[in-house]
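Residue numbers (the numbering used here): 108 to 230. Just so it is clear, CB atoms sit at the ideal spot from N, CA and C, and this is done for glycine as well. From a predicted model like this one, the values you see are computed outputs, not experimental measurements. Since the structure comes first, as structure tokens, the remarks are kept for the end.
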């Protein structure tokens, strides 16, 4: 019996970043759903139950990736999901805040194929 491909929810307000991450993950046979913000991610997560990991940008208008992390960890239905934050900014305070808030990892952009094994290790 074959195992289903992991399903990663990509959350990024940047169209190009969403496309790049989606393309990189799909090359590794990962199922990807990509949304452009935290609110849309929460709506999707409340409907879908087969997501294995959330990979979210930190800097987004409205709710940040940290805000999304907090909402996920507060939800009895979602708190089991690993969340990995990504950003172009290597800010130690932000990284520490995210890790203390329950993120499994913090990965700097740009995203390439080398990141995929690390992401999959969090599932």
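Per DSSP, what are the beta-bridge partners of residue i in this structure?
i           : result
residue 239 : This structure leaves residue 239 out entirely; the chain is present only between 108 and 230.
residue 142 : 118
Cα separation between residue i and residue j?
i           : j           : result
residue 201 : residue 111 : 34 Å
residue 117 : residue 199 : 23 Å
residue 218 : residue 195 : 10 Å
residue 138 : residue 114 : 5 Å
residue 132 : residue 227 : 10 Å
residue 229 : residue 189 : 7 Å
residue 121 : residue 130 : 14 Å
Note down, in chain order, each residue of its chain lying with its Cβ closer than 8 Å to the Cβ of residue i, except the 5 sequence neighbours on either side.
i           : result
residue 170 : 144, 145, 146, 178
residue 119 : 125, 128, 141, 143, 163, 164, 167, 193
residue 207 : none
For residue i, I'd like the list of residues in its chain whose CB is within less than 6 Å of its CB, leaving aside the five on either flank, ordered along the chain.
i           : result
residue 172 : 163, 164, 165, 192
residue 213 : 192, 202, 205
residue 223 : 135
Task: Any beta strand (DSSP E) of 3 or more consecutive residues that is wholly inside the stretch 112 to 136 - done: Counting whole runs of 3 or more residues, the stretch 112 to 136 contains the beta strand (DSSP E) stretches 114 to 118.
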